[in-house]
Amino acid sequence: MALYIADAAAMERLGAAIGARLAPGSRVFLYGALGAGKTTLVRGLLRARGHPGPVRSPTYTLVESYVLAGAPVHHFDLYRLGAARELELIGARDYFDGESLCLVEWPEHGEALLGRADLELRIAIDGQARRVSWQARPAALARALAALAAEFPDPADP
Ligand SMILES: Nc1ncnc2c1ncn2[C@@H]1O[C@H](COP(=O)(O)OP(=O)(O)OP(=O)(O)O)[C@@H](O)[C@H]1O
Ligand SMILES: [Mg+2]
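Residue 159 is where the sequence shown ends in my numbering, and the numbering goes up by one at each step.
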């Protein structure tokens, strides 16, 4: 199953919808090429949780933390991570505290230290559009996301 995301605004809406369905402490991995829309999805999630400011990929700092009314959100971008142990140096383990929401772009660069994701999102580029598929570990989350398909119907998969 894949969700059809027509434009960046739809990707932000998807981020908001996913964010509303995640349990505290969830770990989300975002896969997809450069410019696929990972940060755009995260931006939508953060906006929906009340973050008013800009959201950029923390490519050089590896992680940006947002203290919001609910649980903290940590947004990782591991594109420039040289070795998984660099994650240890920034104290990454402390971010995965069971309460904070952790969103990780380029998780494949830090696999050794990240543990398992509750949700893996895969974004495929299809011209202007994107197709987003996922794997959710908690059954309740899988059901909640399956229900989203009605909101983002794939025109190629009626
Ligand atoms: N359907 C769409 N969904 C998401 N983004 C889209 C879509 N169509 C166009 N875009 C544009 O594609 C770009 C996606 O950039 P974004 O920073 O979100 O990608 P990214 O996956 O985080 O890349 P990187 O790996 O470099 O961090 C934005 O400029 C966005 O406006
Ligand atoms: Mg990004």
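We put the CB at the ideal spot given by N, CA and C, even for glycine.
Nearest residue (CA-CA) to residue i, options the options
i: L35; options: L79, A93, M2; result: L79
i: L90; options: G111, G99, C103; result: G111
i: F77; options: R86, A93, G71; result: A93
i: A9; options: P156, V133, D158, A157; result: V133
i: V56; options: L104, A84, D95, G71; result: L104
Neighbourhood of residue i by C-beta distance below 8 Å, restricted to the same chain and skipping five residues each side
i: E13; result: T41, L42, R44, G45, R48
i: P73; result: S66, Y67, E100, S101, L102
Own chain residues within Cβ distance below 7 Å of residue i, not counting five before or after
i: L223; result: Given a span of 2 to 159 for the chain in the structure shown, any question on residue 223 remains unanswerable.
i: A172; result: Absent from the structure is residue 172, since the part of the chain shown begins at 2 and ends at 159.
i: L88; result: L82, G111, L114
i: G71; result: R50
i: D95; result: none
Beta-carbon gap between residue i and residue j smaller than 7 Å
i: S101; j: H75; result: yes
i: G16; j: I124; result: no
i: F1; j: Y5; result: The structure shown does not extend to residue 1, since the chain spans only 2 to 159, so no value can be given for it.
i: L149; j: A18; result: yes
i: A7; j: D155; result: no
Same chain, Cβ closer than 6 Å to residue i, neighbours up to 5 away in sequence not counted
i: P108; result: F30, L115
i: A137; result: L120, A143, L146
i: G33; result: K39, I124
i: E106; result: L31, K39, D78
i: A85; result: G111, A113, L114
Hey, is the segment 114-126 in contact with the segment 28-40, meaning 3+ C-beta pairs nearer than 8 Å? yes
With contact counted as at least three CB pairs below 8 Å, one residue from each stretch, are the segment 48-66 and the segment 123-131 in contact? no
Every unbroken alpha helix (DSSP H) within the segment 66-129, with a cutoff of 4 residues, ordered by chain: 85-90, 93-96, 112-115
Would you be able to state if there are at least three C-beta pairs under 8 Å between the segment 4-24 and the segment 134-154? yes
Of all the beta strand (DSSP E) runs that stay within the bounds of the segment 8-61, which reach a length of 3 or more residues? 28-32
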